[in-house]
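115 is the number of the first residue of the sequence shown in our numbering; add one for each residue after it. These notes are about the structure you will find just below.
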Amino acid sequence: MKWKSFLLCTWMTATTIGQVAPSTPPTPQIHDEMLVSTSWLADHLHDKDLVVLYVFDVKDTYRKAHIPSARYLQINDIAVTRNGIPNELPDADKLKEVFENVGINDRSRIILYGERSGLLAARAYFTLDFIGLGAHTSLLDGGLEKWGNEKRELVAETPKVKKGSITIHAQDHLLVGTDSLFNLVTGAKAHNTVILDARPHNEYTGEKLSEDVTRAGHIPGASSLYWKELIVSSENPVLRPVDELRAIYTKAGVRPESPVITYCRTGVQSSFDYFVAKYLGYAVSMYDASFFDWAREDRPIEKSK
C-alpha cells in the first residue's frame with residue numbers, strides 16, 4: 115500500500131507541475147543582418163550590387179560631405195501628405211519609381227544612413243520593408259556621425275546612377291489603419307498587443323501638445339517609448355547594447371509573444387521603434403497615420419503623469 119501511495123503521489127505531483135508550469139516562450143532571435151558597422155561598410159563599399167543611401171531633409175548636408183558612392187534620397191519622396199495627414203506612404207507605383215531612380219534592383223544590398231540621428235534612415239527602412247525589400251536592407255549603426263568621428267573618407271561628388279528595376283511585394287500586414295487600431299483598443303475582448311508611443315514623454319503624457327495635433331495625450335493603453343532612448347546619444351547615434359534594448363522594451367510591456375504596434379505624431383519617430391523592435395525579433399507593425407489622425411476625430415485619448 116505504501117508503494118502504491120508513493121506512485122500515486124508522484125503521478126499527481128508530476129501532473130500538477132505540468133499544469134502550473136507552462137513552458138516560457140523563447141527569447142526572439144536578434145536580426146543581426148539589419149545593422150552594419152562603419153568598419154563593415156568601409157570594407158564593402160565596392161561590393162557589386164551594394165547601394166548606399168543618404169536619407170535627408172535638407173540636401174545641402176549631402177552636397178557638403180557624404181560617404182563615398184552614397185546616393186541621396188529625399189524623405190519627402192517617400193513620406194507624403196494624404197487626406198491632410200503628413201508623412202503617409204505614397205502609392206506603390208510612386209515608391210517603385212523613387213527607388214528605381216536611385217538605382218535599386220531586386221538583387222541590391224541596401225545600406226541606409228541619414229539626418230536626425232538615423233531617424234530618417236529608419237523611416238526609409240520601414241518603407242523598403244513595406245514594399246518587400248526589408249530583407250535586403252540594413253541601417254548603418256551610428257550613421258554619418260560615427261563615420262565622421264572615425265575620420266573615414268567623405269566626398270562631395272554625386273555618383274552617376276543607372277536606373278534600377280524592382281518588383282513590389284506589398285507587405286500589408288506591416289501597416290495598421292486607424293479603424294483597425296480603434297477596434298482593437300475599444301474591443302470588448304482583451305488583447306496582448308503592445309502599443310508603443312515613440313514621441314517625447316511629455317507629448318505622450320499630454321503635458322505638451324504635439325505639433326499641429328488638435329488634442330493632447332496618447333492612445334488608450336499605449337506605453338511610452340521615446341525613440342531617442344534607443345540610441346547612445348544624438349552625437350553618437352549607435353544603438354544601445356542588445357540587453358539594454360531588451361530591458362527598455364520589456365519595461366514598456368513587450369514580451370516575447372507580444373505583437374507590437376508603433377506610432378508617434380505622423381509615423382517618422384515610430385519608424386525607429388519599429389526598426390529596433392524588428393531587430394530584436396518581435397512581431398511588429400506600424401500605425402502610420404499615428405496620433406495626428408487619431409486625435410482628429412472623437413476617439414478616446416488618455417493622459418498620464
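The beta-carbon is built from N, C-alpha and C at its ideal position, and this holds for glycine as well. Here the structure is a predicted model, which means the values were calculated and not measured.
{"Item": "Quick one: Cα of Tyr239 to Cα of Leu226, how far?", "Value": "7 Å"}
{"Item": "Mark His160 as exposed unless 16 or more other C-beta atoms lie within 10 angstroms of its C-beta, in which case mark it buried.", "Value": "exposed"}
{"Item": "Does DSSP put Tyr363 in a helix, in a strand, or in coil?", "Value": "helix"}
{"Item": "Excluding five sequence neighbours on each side, which residues of the same chain lie with their C-beta closer than 8 Å to the C-beta of Ala135?", "Value": "Here Ala135 scores only 48 on pLDDT, less than 50, and its place in the model should not be relied on; the value that follows carries that caveat. Result list for Ala135: empty, nothing under 8 Å."}
{"Item": "If we count Cβ pairs, one from each stretch, closer than 8 Å, do we get three or more for the segment 383-396 versus the segment 181-188?", "Value": "no"}
{"Item": "Taking the alpha-carbon positions, what's the Glu267 to Ser348 distance?", "Value": "21 Å"}
{"Item": "With respect to the alpha helix (DSSP H) encompassing Gln383, which residues constitute its N-terminal and C-terminal limits?", "Value": "383-393"}
{"Item": "Considering just the uninterrupted stretch of the beta strand (DSSP E) at Ala397, what are its terminal residues?", "Value": "397-400"}
{"Item": "Buried or exposed: where does Pro351 fall if 16 or more other Cβ atoms within 10 Å of its Cβ makes it buried?", "Value": "buried"}
{"Item": "Within 8 Å, do at least three Cβ pairs link the segment 210-229 to the segment 279-289?", "Value": "yes"}
{"Item": "At what residues does the beta strand (DSSP E) containing Tyr186 begin and finish?", "Value": "185-188"}
{"Item": "So, Gln383 versus Arg313, is the Cβ gap smaller than 8 Å?", "Value": "yes"}
{"Item": "For Tyr377, write down the residues that DSSP places opposite it in a beta bridge.", "Value": "Asp311"}
{"Item": "Distance, Cα to Cα, His287 vs Tyr401?", "Value": "11 Å"}
{"Item": "Using the Cα positions of Val150 and Asp255, report the straight-line distance between them to the nearest angstrom.", "Value": "6 Å"}
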